[in-house]
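Numbering (the working numbering), first residue to last: 55 to 391. Yeah, the Cβ is synthetic: ideal placement off N, Cα and C, and Gly gets one too. Given the structure is predicted, the values throughout are model-derived calculations rather than measurements. Working notes, structure below.
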Ligand code: CA
C-alpha cells in the first residue's frame, strides 16, 4: 500500500515536472511586450528610472529597452523596429520633445497605448490620441523648492553674505537653452527666493552647460577667475552641473571636505554623487526628483492601459488639470550639519 502510494506520488511529481516548462512558456508568452525608448542611458536620473522600470516589470511584462543616445533620428528608428515587432505598449522618453507629433502619429497608426515620461511633449498634441498619457513633474516645483532652500541658507547663514551688502550674489547654471524644465528651474529658483524676501543679485550671464559636469566645471573656472571671493551662491538646474561647479571650487581651495572656505551650492536630482557631497559637507542641498516613483508609476500605468483597465488603477495618483498628465512630486534634500 505504502509502496503503491509513493509510486503514485512519484508519477504525479514527474508529471508536474514535465509540465513545468510548458506552463512557464505559456505564462511568458502571455506577458505583454513593452517597448521602452530612453533619450540617453548616460544620465544619472534616467538610470534610476531605468532600474526602477526593470524591477517593476519583473514577472509582469517582457521589456525591450533602447538607448536613443541623445539623437532623435536614432530614437525614430528604434520606434519603427518596436512597432514592427508588434509591441503591446510603449514608454517614450523623448530625445527632442518638439518631435513628439511625428512619433505620436506612428504610434497612433499602429494603435499602441503609450506613456510619454520625463521630457514633456506639448500636451495638446498628446490629447489628439486617446491612448497617450504623460508622467512627469511640475517643472516649476523644482525651482520653487530651490528658492525655499535658498531662503533657508540666507536666513540661517549670515556669513554667506561675503560683501555684507544685504544681497545674495549668485551664479546660475542652466541645462539646455530651450528645455522647459531648465527654463522653469532657472526662473523659479530666483523668483521664489526673491518673493520670499531674499534680495537676489546675479553675477555675469547664465551659464548654459547642457546638464553636463565638464561644461559646468569649465564655466565655473572662468567665473572664479573673474570673481573669486565674490560668488556667494551657486544655483544649478541639476546635480551634474553642481558637481562641475564644486570641482572648480575645490581646485581653488573651496568646498573641500573638512576645509574652511565654502560656497553654498544647490542642485536638483539628488544623484548619488550629490547626496554624498551633501553628506560630506561640500554641497548645500538638492531637490529630489524621485526616479523610483517615476519608474513605478510609468510601469503601472502602461500595464493598466495594455490590460484595458483605468490608467491610474491602483497607483494612488490622479491626473492634473490637463486630464492626461500625472505629476510626481519633488522633495528637498538638505545638509543636516
Ligand atoms: Ca552679498
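Ligand 2 heavy atom lying under 6 Å from the CB of residue i
| i | result |
| --- | --- |
| residue 213 | Ligands in the displayed structure: ligand 1; ligand 2 is not one of them. |
Sub-7 Å separation of residue i and residue j beta-carbons
| i | j | result |
| --- | --- | --- |
| residue 225 | residue 257 | yes |
| residue 275 | residue 236 | no |
| residue 356 | residue 190 | no |
| residue 331 | residue 299 | no |
| residue 98 | residue 267 | no |
| residue 147 | residue 93 | yes |
| residue 282 | residue 214 | no |
| residue 296 | residue 321 | yes |
| residue 222 | residue 208 | yes |
| residue 384 | residue 199 | yes |
| residue 91 | residue 129 | yes |
Straight-line Cα distance separating residue j from residue i
| i | j | result |
| --- | --- | --- |
| residue 113 | residue 379 | 27 Å |
| residue 309 | residue 373 | 42 Å |
| residue 121 | residue 133 | 11 Å |
| residue 359 | residue 167 | 6 Å |
| residue 279 | residue 212 | 25 Å |
| residue 342 | residue 145 | 22 Å |
| residue 241 | residue 197 | 7 Å |
| residue 110 | residue 173 | 21 Å |
| residue 246 | residue 314 | 29 Å |
| residue 152 | residue 217 | 44 Å |
| residue 175 | residue 154 | 6 Å |
| residue 192 | residue 229 | 16 Å |
| residue 165 | residue 362 | 13 Å |
| residue 339 | residue 312 | 17 Å |
| residue 318 | residue 160 | 47 Å |
| residue 104 | residue 238 | 25 Å |
| residue 31 | residue 333 | Nothing can be reported for residue 31: it is not among the residues displayed for the chain, which extend from 55 to 391. |
| residue 84 | residue 250 | 55 Å |
| residue 350 | residue 136 | 22 Å |
beta-carbon residue i near ligand 1 non-hydrogen atom, thresh 6 Å
| i | result |
| --- | --- |
| residue 284 | no |
| residue 315 | no |
| residue 217 | yes |
| residue 256 | no |
| residue 109 | no |
| residue 160 | no |
| residue 259 | no |
| residue 223 | yes |
Under the three-state DSSP convention, the category residue i falls into
| i | result |
| --- | --- |
| residue 190 | strand |
| residue 371 | coil |
| residue 99 | helix |
| residue 113 | coil |
| residue 259 | coil |
| residue 104 | helix |
| residue 169 | strand |
| residue 352 | helix |
| residue 322 | coil |
| residue 160 | helix |
| residue 85 | coil |
| residue 121 | strand |
| residue 389 | coil |
| residue 267 | helix |
| residue 214 | helix |
| residue 91 | strand |
| residue 5 | It is not possible to answer for residue 5, since the shown part of the chain is limited to 55 through 391. |
| residue 314 | coil |
| residue 289 | strand |
| residue 334 | helix |
| residue 228 | strand |
| residue 254 | strand |
| residue 141 | coil |
| residue 149 | coil |
| residue 128 | helix |
| residue 340 | strand |
| residue 306 | coil |
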